[in-house]
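Chemist: Have a look at this one.
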Amino acid sequence: MRRGILFALPCALGCAREPSRALGADIGTPEAGATLTTERDAQTALDAASFDASSLDAGHADAEITSSPTLTVVTLNTHSFQEGADSLAKLDQIGEGLASLGADLVGLNEVMSGTFWAYDFNGASYDGAAIIASTLERSSGTRWHLYRHGFAHWADGEEMANVILSRFPIIESEHRALTTTDAWPGPAEQRSVSYARVDVPGLGLVNFFVTHAALAGSSDTPTQIREIRQFMVDEFRHDEALDLLVGDLNTASTSPTYTTWLDEPPFHLIDTYARANPRGFEDATIFDAELRIDYVLAGEGSALIEGSSRFSSQLAFDGSSHDGLTLPIVSDHKAVVTRFRLDP
1 MRRGILFALP CALGCAREPS RALGADIGTP EAGATLTTER DAQTALDAAS FDASSLDAGH
61 ADAEITSSPT LTVVTLNTHS FQEGADSLAK LDQIGEGLAS LGADLVGLNE VMSGTFWAYD
121 FNGASYDGAA IIASTLERSS GTRWHLYRHG FAHWADGEEM ANVILSRFPI IESEHRALTT
181 TDAWPGPAEQ RSVSYARVDV PGLGLVNFFV THAALAGSSD TPTQIREIRQ FMVDEFRHDE
241 ALDLLVGDLN TASTSPTYTT WLDEPPFHLI DTYARANPRG FEDATIFDAE LRIDYVLAGE
301 GSALIEGSSR FSSQLAFDGS SHDGLTLPIV SDHKAVVTRF RLDP
């Protein structure tokens, strides 16, 4: 296992199949001053001691990973530790909700650890990623794999992170720093993109990228888009069944920048929610602004995204019923859930 420390326990491996497209072309040199570095994540990856699998029921710990007719991908900006006394309870709600959705791959933004200065929990320190992961394991009855990278450090040492949760083995992981010149909300915030290569039984290898891009209108956004897409090219090895980029891109679907995320050469990404819901192009994913800024994007050419019949996509954690399941509002964002049908 290279490039980072993971909490990952042994699971059965699936077999890869040859994809039908290629990402492997160089995007080019970033603009002057762009940060395009790779770092090792030992200091910010999950400390296994903070997520004790021995506390799980034996039946949960021993649950076998099996193939499924669908691959369920979820992205959610959790707005962690920012609701005062309700912050801890909602982390359990997120874990329980992800289990109810039948999630397989999850990308989370704004997951906090430490003692958030505005709500100090009487001086106690909490690990938001570990709480969500532990609840998800208990609720789903299966073992999960977690990778994270903290990209913002706050006044009292709190850390905000992008988090990857996978029901399947994470073969390798990495993160890459993104050009960040904006000093909001904190001077120590360094935007980044996290990556995990995941082995999905019945499908094969999936390259999974999670990011939380610069705020709308930032001068950093064009450079960050190029850096993220270059990272995707760098990790492409022609044996993936699917490439995914998920997260809060802080870019509205109505913005001119939206097409740059999808169409910047040399490859094209599919907006799965828009493809599956043609009339929902402007459906809001954030409550305080009628904007769609959270996405599950898939690399063009995979058999899983040919047409719209091979996948569906919906919102969740919005207090509304979707396919008979109602999940509570847990953030200022809604989740995006895309289900890929794996059977021919």
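If you use the numbering used here, the sequence shown closes out at 344, no skipped numbers anywhere.
Built from N, CA and C at the ideal position, the CB exists for glycine as well.
Computed from a predicted model, the values in this text were never measured in an experiment.
Considering only residues of the same chain and omitting the five flanking positions on each side of residue 30, which have a CB-CB separation below 8 Å?
Modeler: Reliability fails at residue 30, whose pLDDT of 34 lies under 50, so the model's placement of it is uncertain and the value that follows must be treated cautiously. Correct list, in chain order: 36, 179, 223, 226, 227 and 230.
Chemist: Could you give the DSSP three-state label for residue 74: helix, strand or coil?
Modeler: DSSP places residue 74 in strand when its eight states are reduced to three.
Chemist: Apply the 10 Å Cβ neighbour rule to residue 107 and answer buried if 16 or more other Cβ atoms are within range, or exposed otherwise.
Modeler: Classification of residue 107: buried, given that the 10 Å Cβ count is 16 or more.
Chemist: Within its chain, find whatever has a CB closer than 6 Å to the CB of residue 330; leave out the 5 residues flanking it on each side and keep chain order.
Modeler: Excluding positions up to five away in sequence, the list reads 90, 93, 94 and 317.
Chemist: I'd like to know whether the C-beta atoms of residue 129 and residue 170 end up nearer to each other than 7 Å.
Modeler: No; because the gap between Cβ atoms is not below 7 Å, this pair is not in contact.
Chemist: Cβ of residue 192 within 7 Å of Cβ of residue 151?
Modeler: Yes, they are a contact pair.
Chemist: Does the beta-carbon of residue 137 have 16 or more other beta-carbons within 10 angstroms, so that it is buried, or is it exposed?
Modeler: By the neighbour-count rule (16 or more Cβ atoms within 10 Å), residue 137 is buried.
Chemist: Assuming contact is defined by CB atoms lying nearer than 7 Å, are residue 346 and residue 148 in contact in what I supplied?
Modeler: Because the chain spans 1 through 344 in this model, residue 346 falls outside it and cannot be assessed.
Chemist: Return the CA-CA distance between residue 220 and residue 269, expressed in angstroms with no decimal places.
Modeler: Roughly 21 Å separates the two Cα atoms.
Chemist: Where does residue 332 fall in DSSP's three states?
Modeler: Residue 332 falls in the coil class under three-state DSSP.
Chemist: My understanding is that residue 333 touches residue 162, with C-beta atoms under 8 Å, so please give their C-beta distance in whole angstroms.
Modeler: Wrong, their Cβ atoms sit about 14 Å apart, outside the cutoff.
Chemist: Let me make sure I understand the geometry here. Which of 323, 190, 158 and 98 has the alpha-carbon closest to that of residue 124?
Modeler: Selected option, being the one with the closest Cα: 158.
Chemist: Consult DSSP for residue 343 and reduce its assignment to one of helix, strand or coil.
Modeler: Residue 343 falls in the coil class under three-state DSSP.
Chemist: Mind checking which residues open and close the beta strand (DSSP E) that includes residue 171?
Modeler: Taken as a continuous stretch (DSSP letters only), the beta strand (DSSP E) holding residue 171 covers 170-177.
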